[in-house]
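Just below is one structure, and these are the notes that go with it.
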C-alpha cells in the first residue's frame, strides 16, 4: 500500500527549521510546476481574493506534489464545507482568514481534522489514493494555518494560541492596518507595533508564528522567532524587469 505524501512544511516545522511559502495570485499548474525547481517549501494558492475555485485545486495541488512542495490554499471563509472540501481535493494545507477568537480557531481545527480530534466530513479524496490508514495519516499530515489579521484577534491572541492542532498563526499586516483605521499603511509604526506584539505572543506561547516578508525584512522577522515566512515573487520580477529596461533607456 502507498503512504500518504509527506507534508514538507510540517516536517520542517517539527524540526524547528524555518519554512518558506512562495506567494502570488497568478496560480496555474504550469506556473507552479515551473516555480518548483527553485526549492521553496510551499506554494500559496489564492482562493480568497484570486480566481481559484474548487475545480482547480486538484491540478494546482498536484503540481505542488510533483516537486514535494506543500500546497497551501487560502480559503475564503471559516466554513466547514469549504475547509474539508479543499483538503478532499488534494490540498496539503489551508490558510483561514480573519480568525479572531479561540472559538473560531477551534472551528477551523474541527473542520480540518477527522475524529477523535475534530469532525471533518467523512470522505477521502485525492491524497487518500492507495493509503490504507488515510484518516490517521490525514490528521498527521494536513497543515492548518490561521490568519491573525484584525486588531481584535491580537487582543484575543493569548487565548487563541491555546488552541491545539493549529500549525501556524500567520500575522497579516494588510487587513490589520485597515482594522486599526490605517488602511494601506502597513508600515505605520502602530501597525508594526501590533505585528510585533502578535509575533511575540505567539512565539512566547511556544507556537509557530508566520509573517509576510521581503528581502529587506527577512532577517528581522527571523530574529523575532518567526519560522514560517511568506514571500511574494512578483516584486522580484518587477525589480528585474525595471533593471533590464533601465539599461535600454
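Residue numbers (the numbering used here): 9 to 257.
Every residue, glycine too, gets a C-beta built ideally from N, C-alpha and C.
Nonlocal neighbours in the same chain, by C-beta distance under 7 Å from residue i, ignoring five residues either side
i           : result
residue 40  : 51, 68, 71 and 72
residue 155 : 103, 104, 105, 106, 107, 178 and 180
Residue range of the alpha helix (DSSP H) that includes residue i
i           : result
residue 23  : Unbroken run through residue 23: none, as it is neither H nor E.
residue 246 : 242 to 256
residue 233 : From DSSP, residue 233 is part of no alpha helix (DSSP H); its letter is neither H nor E.
residue 224 : Counting along the chain, residue 224 falls outside any alpha helix (DSSP H), and DSSP gives it neither H nor E.
For residue i, the first and last residue of its enclosing beta strand (DSSP E)
i           : result
residue 122 : Where residue 122 is concerned, there is no enclosing beta strand (DSSP E), given that its DSSP letter is neither H nor E.
residue 153 : 151 to 156
residue 40  : Note, residue 40: premise wrong, no beta strand (DSSP E); alpha helix (DSSP H) at 37 to 43.
Residues near residue i by beta carbon distance below 8 Å, same chain, minus five either side
i           : result
residue 21  : 27, 175, 176, 216, 235 and 236
residue 230 : 26 and 237
residue 62  : 93, 94 and 97
residue 139 : 9, 10, 11, 12 and 145
Integer Cβ distance of residue i from residue j, believed to fall under 8 Å
i           : j           : result
residue 168 : residue 109 : 7 Å
residue 183 : residue 157 : 4 Å
residue 49  : residue 77  : 6 Å
Candidates the options, of which the one nearest residue i by Cα
i           : options            : result
residue 203 : 214, 37 and 218    : 218
residue 112 : 88, 135 and 130    : 88
residue 10  : 54, 141 and 42     : 141
residue 43  : 17, 74 and 56      : 74
residue 14  : 245, 115 and 79    : 79
residue 101 : 224, 115 and 120   : 120
residue 244 : 23, 227 and 221    : 221
residue 172 : 151, 135 and 160   : 151
residue 54  : 66, 16, 223 and 31 : 31
residue 57  : 66, 82 and 46      : 82
Cβ-based neighbour list, residue i, same chain, cut-off 6 Å, excluding 5 preceding and 5 following
i           : result
residue 127 : 118
residue 160 : 108
Tell me the start and end of each unbroken beta strand (DSSP E) in the region 165 to 201 that is at least 3 residues and wholly inside, in chain order.
DSSP runs (the beta strand (DSSP E)) wholly in the region 165 to 201: 176 to 179.
Which complete beta strand (DSSP E) runs does the region 42 to 77 hold, if anything under 3 residues is left out?
DSSP runs (the beta strand (DSSP E)) wholly in the region 42 to 77: 50 to 54.
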